[in-house]
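Undergrad: This structure is in structure tokens; I'll ask about it shortly.
2 protein chains.
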Amino acid sequence: MATQTQKKVTSKMNVRFGEHLHALRKAKELSLREMAELCSLDNSNISKIEHGKFDIQLSTIVELAKGLGVHPRELLDYDFE
Amino acid sequence: MATQTQKKVTSKMNVRFGEHLHALRKAKELSLREMAELCSLDNSNISKIEHGKFDIQLSTIVELAKGLGVHPRELLDYDFE
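Residue numbers (the UniProt record's numbering), protein chains in the order written: chain A, 1 to 81; chain B, 1 to 81.
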């Protein structure tokens with residue numbers, strides 16, 4: 001069971017990932033709807049991920065990468081500190 | 001609900017990730033026990049991940065990176081095709 005501190009660390013991490021995802025999508029000039037059409041995620045879930053609501057799974061990272069047309073490692077290419 | 005094909009794709013992806021994780025750990029000359037001591041995962045879970053048993057979450061990817069002393073993007077730096 002995750003402790004309170006672990007939950008806080010995870011949610012900060014999810015928000016940071018969401019910010020990076022949002023920046024990548026904007027750089028590609030894709031709307032949520034356009035990105036959703038390029039992968040198997042719907043636009044409301046992509047929006048929730050951008051707002052740090054989920055501790056997403058590897059399979060979702062791979063789908064997000066497909067939607068953006070980038071290699072999955074790009075989704076983790078930011079400062080984690 | 002994931003379809004049968006999505007489940008097959010996810011499990012192949014998890015096995016591939018596990019192989020990459022195993023190679024990274026070997027390159028660092030770390031045993032499962034030594035790696036477990038450097039992060040908040042236990043050695044049996046790391047072993048299961050290496051055998052593709054889980055569709056792991058972002059927080060686990062970050063812990064694995066801590067255990068290996070690498071940036072999280074390294075965990076996804078392999079050929080996904």
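The beta-carbon is built from N, C-alpha and C at its ideal position, and this holds for glycine as well.
Output yes or no for whether 7 Å exceeds the beta carbon distance between residue 9(B) and residue 52(B).
TA: No, the Cβ-Cβ distance between residue 9(B) and residue 52(B) is not below 7 Å.
Undergrad: Check whether the stretch 72 to 80 of chain A touches the stretch 31 to 44 of chain A, taking contact to mean three or more Cβ pairs, one atom from each stretch, closer than 8 Å.
TA: Verdict: no, contact absent.
Undergrad: Measuring straight from C-alpha to C-alpha, what distance separates residue 27(A) and residue 21(A)?
TA: Rounded to the nearest angstrom, the two C-alpha atoms are 10 Å apart.
Undergrad: Of all Cβ atoms in chain A, is any one closer than 7 Å to the Cβ of residue 49(B)?
TA: It does not; no Cβ of chain A falls within 7 Å.
Undergrad: On a Cα-Cα basis, can you pick out the residue from 46(A), 55(A) and 11(A) that is closest to residue 68(A)?
TA: Closest by alpha carbon: 46(A).
Undergrad: Using the beta-carbon of each residue, which ones in chain A are nearer than 7 Å to residue 44(B)?
TA: Those do not exist, as residue 44(B) stays about 17 Å from chain A at its closest Cβ, beyond 7 Å.
Undergrad: Between the alpha carbons of residue 42(A) and residue 31(A), how many angstroms are there, rounded?
TA: For residue 42(A) and residue 31(A), the distance between alpha carbons rounds to 12 Å.
Undergrad: Within 10 angstroms of the Cβ of residue 59(A), are there 16 or more other Cβ atoms? Answer buried if so, exposed if not.
TA: Buried: at least 16 other Cβ atoms inside 10 Å.
Undergrad: How long is the line joining the alpha carbons of residue 29(B) and residue 33(A), rounded to whole angstroms?
TA: One C-alpha to the other measures close to 45 Å.
Undergrad: Let me know if residue 81(B) comes out buried or exposed under the rule of 16 or more other beta-carbons within 10 Å of its beta-carbon.
TA: By the neighbour-count rule (16 or more Cβ atoms within 10 Å), residue 81(B) is not buried but exposed.
Undergrad: Along chain B, in chain order, which residues have C-beta atoms closer than 9 Å to that of residue 21(A)?
TA: By Cβ distance, chain B contributes nothing, its closest Cβ being about 11 Å from residue 21(A), past 9 Å.
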